[in-house]
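Heads up: the sequence shown begins at 478 in the working numbering, then just goes up one per residue.
Contents: one structure, followed by commentary.
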Amino acid sequence: MYSKLEEIGSIITGVYEKGRPSGDTYYLQAKHFDEQGKFCDDNIISPEIHMEDRLEKHILQDKDLLITAKGERNRVCLYQSEIGQAVASSTFFVIRLHEPGILPEYLQWYLNTAKMQSLLSSLSKGTHILSLSKKALAKVKIEIPPLAKQRAVLKFQSLWDSERKITMELLEQKETYYQTLLFNFTHQN
């Protein structure tokens, strides 16, 4: 089954704010997420803005999806409430699902696939900085399999993420091993 994004959730524009040295609310920007759209909790992040009445409607809810609207890649990030009270910067569109038949994590995975990234890129316009419009995003068709299949996809993706991490760690260890081996070899008589 396919549905347009506007049929399964609301799309809200992030807010433009100037950060301050201190505040009570996080101001999430693209730099706070990695290439897979995961929050970089190793970044030192601090609350940069003060919550005001006009910003309350922009407070993120758990499992809101943040899609990068500007730039080369429209990666999709998942906001989780353990990050803390936050608003999304104007770099993002916020997708808030209201369809119970789709998992936010699945939609994040789906929109981050190469096929969908290619589609989103083709919908982006601009000469210097590409920009995805809210209107174009709203019309994007999403394939929605049954919840059991969505969960299976997420499980497979999690296994692949673990395998990729282990492979990268192994490559780093091999690099160190071979560099040391070659260095010692050149210093032998």
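Ideal Cβ placement from N, Cα and C applies to all residues, glycine included.
For residue i, which of helix, strand or coil comes out of DSSP?
| i | result |
| --- | --- |
| L542 | strand |
| E620 | strand |
| S601 | coil |
| I606 | coil |
| K495 | coil |
| Y504 | strand |
| L532 | helix |
| K592 | helix |
| S558 | helix |
For residue i, I'd like the list of residues in its chain whose CB is within less than 8 Å of its CB, leaving aside the five on either flank, ordered along the chain.
| i | result |
| --- | --- |
| H511 | Per the sequence shown, the amino acid found at residue 511 is Asp instead of His. Cβ neighbours of D511 beyond the five flanking positions: C517. |
| R497 | E525, I526, H527 |
Would you call the CB atoms of residue i and residue j closer than 7 Å?
| i | j | result |
| --- | --- | --- |
| L543 | A563 | no |
| G561 | I526 | no |
| S567 | G491 | yes |
| E576 | L631 | no |
| K481 | K616 | yes |
| N589 | R552 | yes |
| K547 | S608 | yes |
| L580 | Q627 | yes |
Which residue comes first and which comes last in the alpha helix (DSSP H) that contains residue i?
| i | result |
| --- | --- |
| K642 | 624-663 |
| L584 | 581-589 |
By a C-beta neighbour count over all protein chains shown, 10 Å radius and 16 as the cutoff for buried, is residue i buried or exposed?
| i | result |
| --- | --- |
| R604 | First, the amino acid is wrong: residue 604 is Thr here, not Arg. With fewer than 16 Cβ atoms within 10 Å of its Cβ, T604 is classed as exposed. |
| G578 | exposed |
| F724 | With the chain represented from 478 up to 666, any question about residue 724 goes unanswered, as that position is not in the structure. |
| Y587 | buried |
| T644 | exposed |
| M478 | exposed |
| S601 | buried |
| I619 | buried |
| Y654 | exposed |
Using C-beta distances below 6 Å, list every residue in its chain close to residue i, excluding the 5 sequence neighbours before and after it, in chain order.
| i | result |
| --- | --- |
| D541 | Y556, V571, R573 |
Mind checking which residues open and close the beta strand (DSSP E) that includes residue i?
| i | result |
| --- | --- |
| I488 | 486-490 |
| A613 | Note, A613: premise wrong, no beta strand (DSSP E); alpha helix (DSSP H) at 611-615. |
| S523 | That residue, S523, is in no beta strand (DSSP E); it is neither H nor E in DSSP. |
Got a sec? Which residues, its chain only, sit under 7 Å from residue i by beta carbon, not counting five neighbours each side?
| i | result |
| --- | --- |
| G486 | I572, R573, L574, H575, E576 |
| Q585 | G514, L542, V553, L555 |
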